[in-house]
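Notes to accompany the following structure.
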Amino acid sequence: MKRKKLLNLYIDLPIRFKILIWFIPLLLITIVITGGYSYYTAKKQVLEKINLSQLEFTNQISNQLDYISGDAIDFTNYLFLLSSVQQFLNPIPEEDSISRHQQINELVSRLLVNQRNIQSLVLYSFNEEVPPLAVNQTGITSAMPFNKFKETTHYQLAVEQQGKPSWTLLKGKENVFEGDRRNKIIITKVIKNSYTLKDIGMIIIGISEQTLRNKFTNGLNNDAQLFIVNKNSQVVTSTDDNWIGKTIDDTPYFKVYSDRTIELKNDQLLFAKSSSEYGWDVLLVQPRNELLKELDKIKVLTLLVTAFCFVVGVWISWFISSIITKPLKKLTKSMLMVKIGDFNQKVNLHGKDEVGELGNVYDLMVQQIKKLINDVYHSQLRQKEAELKFLQAQIHPHFLYNTLDTIFWMAQKKNETAIANMIHSLSQFFRLSLSDGKDFVPIKNELLLVENYLTLQKKRFTNKFSYEINASDDVKDFLIPKLLIQPLIENALIHGIELLEDNGFIYIHIFQEKDQLLINVVDNGCGIETDKLKKINSYLQSNQLKESTLSSNNRPGYALLNIMERLKITFGNQANMTIESEYGLGTKIKMTLPLSSINKI
């Protein structure tokens, strides 16, 4: 009972309130969904942006490491190729070792000036009688004796690499570079004799760990952690000194994931990048909350915008509902007038909103209905008139066909072959024009009628012209209105070829192109004057052929206008006919029919 009472109460409400009752909940749902989706999209984009920026940061560090590594390796290869270095590591006993040591020291010191990333360098000869050469950016220094260096893991790893460079962390307390207790990332490589390829020495290049750390951590927030790991899983530098020198397995981030972002359990994000060339792994650990501070601002902004949109939406809905009712009443009144048969109605609702569009569409619909009623009425009148004329015209072809058939046999009996052939062509022309009373005939039958007609005309004009018919096999079974092509041929003969002295030519081309059937009739007659051609094409291209246009035989292109009217009745506006002509050179009539409206036999 209460439900029915509420329903009746709703039915009795003004349209304005009915709109509000539905509009406000829909508005609220829409705003909430839109706001939530906007926040979700913004959050997703922020996360993607953070992910890309952090991966790009790790990628830059990896690229810098590769560059520094490649530069250091190129430097070792360059030293390997120097004959003075080869002689220093594998000396000739008669040479002055002190002089040789001074020369190589000066050479390496000069070369080291251009290597800003390299802090220190040591050359060990496997000939223990040759003292090690130790150089840094400030000049000559000293190094651990070779027999002690052989006891370190750095030596063992370099030997295992068999001539390939080995990257390790050298802690200051190991005292390889005597007097320099700063941590270094070193490259250790065995040097071979350039001729015998025997191991003759070892080179150690030291890069300051602190310098690299400062270069890579510039711009990181205080809570971020950076780890650079060599291919032996050793942390060679880090933002946390406690992890330097340990293996990555000892850290909470024990497994390195290449080129990926991993969300860790303790609300942190791990960004990793691996270098396939030198075996470096770069790990960047960022606190998730620190990276997502921007989302808090977006969340507050989304809530404010949502609330504002709701308030504005309610006000707009009230305004819209108040202005909708007035034009609706006007529209309803006009519809009642149309209902009783008054098609002169026009509501003239101004505006581009939904109601205004409805009014415009309604006005167009009423006008279109009125136009269609008039078009159908006049079309039916023209069709009935054409059918009556065509029926009257058929009486004579029937009589003539039967009479000509009798004359043909009489001529055959008297051996008048030429006359018999002409009479046969004429009788065939009339027979095909009748087409058993059918309105549509195959194109091949229409072309046969055209050939009979042209045969008769060639006798009349005593071979004044020639012709060619080109119709593709795939169109010959298409059904078209009968006597559609012959009037075009007759038009070409009367208005073009007949005015020539000789060498007239008519070309008929019928073919299929995409979704259209094209019928072209071309002649090399006298052509059409420009003004007259414009008038004919203007009439042919008009949307509606007027009765006054069709009823006057004095109109230019009267026969063509009749054909165009038949096409419009049969195929509608999809059919088209155009004329191209140049006075004194010839004429081309192009007829276009829609294949979608054409059947086959």
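Position in the sequence shown (from 1) plus 25 gives the number in the working numbering. Backbone N, C-alpha and C fix where the C-beta goes; we use that ideal spot for every residue, glycine too. Bear in mind the structure is a predicted one, so any value in this text is a computation, not a measurement.
Close-in-space but distant-in-sequence residues of the same chain around residue 540 (CB under 6 Å, 5 per side omitted): As a first step, residue 540 is located in the sequence shown; it is residue number 515 there, counting from the start. 620.
Using 8 Å as the cut-off, can you tell me whether the segment 345-363 makes contact with the segment 317-331, which would need three or more C-beta pairs spanning the two stretches below that distance? no
Between which two residues does the beta strand (DSSP E) carrying residue 145 extend? Residue 145 sits at position 120 when you count from the first residue of the sequence shown. For residue 145, the uninterrupted beta strand (DSSP E) segment begins and ends at 145-150.
So, helix, strand or coil for residue 262, using DSSP? Along the sequence shown, one-based indexing puts residue 262 at 237. Strand at residue 262.
Residue 619 (DSSP reduced to helix, strand or coil): Position 594 of the sequence shown holds residue 619. Residue state, collapsed to three classes: strand.
Nearest-angstrom Cα separation, counted from residue 296 out to residue 19: The structure shown has nothing for residue 19, since the chain only spans 26 to 626.
DSSP bridge partner residues for residue 192 (one or two, in chain order): Against the sequence shown, residue 192 aligns to sequence position 167. Per DSSP, 212.
Since residue 254 and residue 273 should fall inside the 8 Å C-beta cutoff, what is the C-beta to C-beta distance between them, to a whole number of angstroms? As a working note, residue 254 is residue 229 in the sequence shown. As a working note, residue 273 is residue 248 in the sequence shown. Indeed they touch by this definition, with Cβ atoms about 5 Å apart.
Beta-bridge pairing of residue 497 - partner residues as DSSP gives them: Residue mapping note: residue 497 aligns to position 472 of the sequence shown, counting from 1. DSSP output for residue 497 lists no bridge partner at all.
Leaving aside the five residues before and after residue 264 along the sequence, list all residues of the same chain whose C-beta is less than 6 Å from its C-beta, in chain order. Working through the sequence shown from its first residue, we reach residue 264 at position 239. Cβ neighbours of residue 264 beyond the five flanking positions: 242, 250 and 251.
Pair within 8 Å by beta-carbon distance, residue 224 and residue 312: Numbered from its first residue, the sequence shown carries residue 224 at position 199. Numbered from its first residue, the sequence shown carries residue 312 at position 287. Contact flag unset, no.
Distance, residue 371 Cα to residue 386 Cα: Taking the first residue of the sequence shown as position 1, residue 386 is located at position 361. Taking the first residue of the sequence shown as position 1, residue 371 is located at position 346. One C-alpha to the other measures close to 11 Å.
Where does the unbroken beta strand (DSSP E) through residue 166 begin, and where does it stop? Taking the sequence shown and counting its residues from 1, one reaches residue 166 at position 141. 164-168 is the extent of the beta strand (DSSP E) around residue 166.
Ordered list of alpha helix (DSSP H) runs contained in the segment 73-123, each at least 4 residues: 108-114
Quick check on residue 569: buried or exposed, where buried means 16 or more other Cβ atoms within 10 Å of its Cβ? Taking the first residue of the sequence shown as 1, we reach residue 569 at position 544. Note that residue 569 scores 48 on pLDDT, short of 50, meaning its location in the model is unreliable and no value can be drawn from it.
Give the straight-line distance between the Cα atoms of residue 27 and residue 47, rounded to the nearest whole angstrom. Counting from 1 along the sequence shown, the entry for residue 27 is found at position 2. Counting from 1 along the sequence shown, the entry for residue 47 is found at position 22. In a straight line, the C-alpha of residue 27 is about 20 Å away from that of residue 47.
Roughly how many angstroms separate the alpha carbons of residue 161 and residue 145, rounded to a whole number? As a position in the sequence shown, residue 161 is number 136, starting the count at 1. As a position in the sequence shown, residue 145 is number 120, starting the count at 1. Cα to Cα, the separation comes out at about 4 Å.
Report the CB separation of residue 229 from residue 211 in whole angstroms; it is logged as a contact under 8 Å. As a first step, residue 229 must be located in the sequence shown, where it is residue number 204. As a first step, residue 211 must be located in the sequence shown, where it is residue number 186. Contact holds; Cβ gap of about 6 Å.
Beta-carbon proximity list for residue 105, same chain, < 6 Å, skipping 5 on both sides: Within the sequence shown, residue 105 is the residue found at index 80, counting from 1. Closer than 6 Å at Cβ, skipping near neighbours: 216.
Helix, strand or coil, according to DSSP, for residue 331 in the structure here? On the sequence shown, residue 331 is found 306 positions in, with the first residue counted as 1. Residue 331: helix per DSSP, three-state reduction.
Please name the residue in 401, 529, 605 and 595 whose C-alpha comes closest to that of residue 563. Within the sequence shown, the letter at position 538 stands for residue 563. Ranking the options by Cα distance to residue 563, first place goes to 605.
DSSP three-state call for residue 242: helix, strand or coil? Taking the sequence shown and counting its residues from 1, the one referred to as residue 242 is at position 217. In this structure, residue 242 counts as helix in the three-state DSSP scheme.
Is it the case that the Cβ atoms of residue 307 and residue 87 are separated by a distance below 8 Å? Within the sequence shown, numbered from 1, the residue matching residue 307 stands at position 282. Within the sequence shown, numbered from 1, the residue matching residue 87 stands at position 62. Cβ distance < 8 Å, so residue 307 and residue 87 count as in contact.
Rounded C-alpha distance that separates residue 471 from residue 528: Within the sequence shown, residue 471 is the residue found at index 446, counting from 1. Within the sequence shown, residue 528 is the residue found at index 503, counting from 1. Approximately 25 Å, taken between the alpha carbons.
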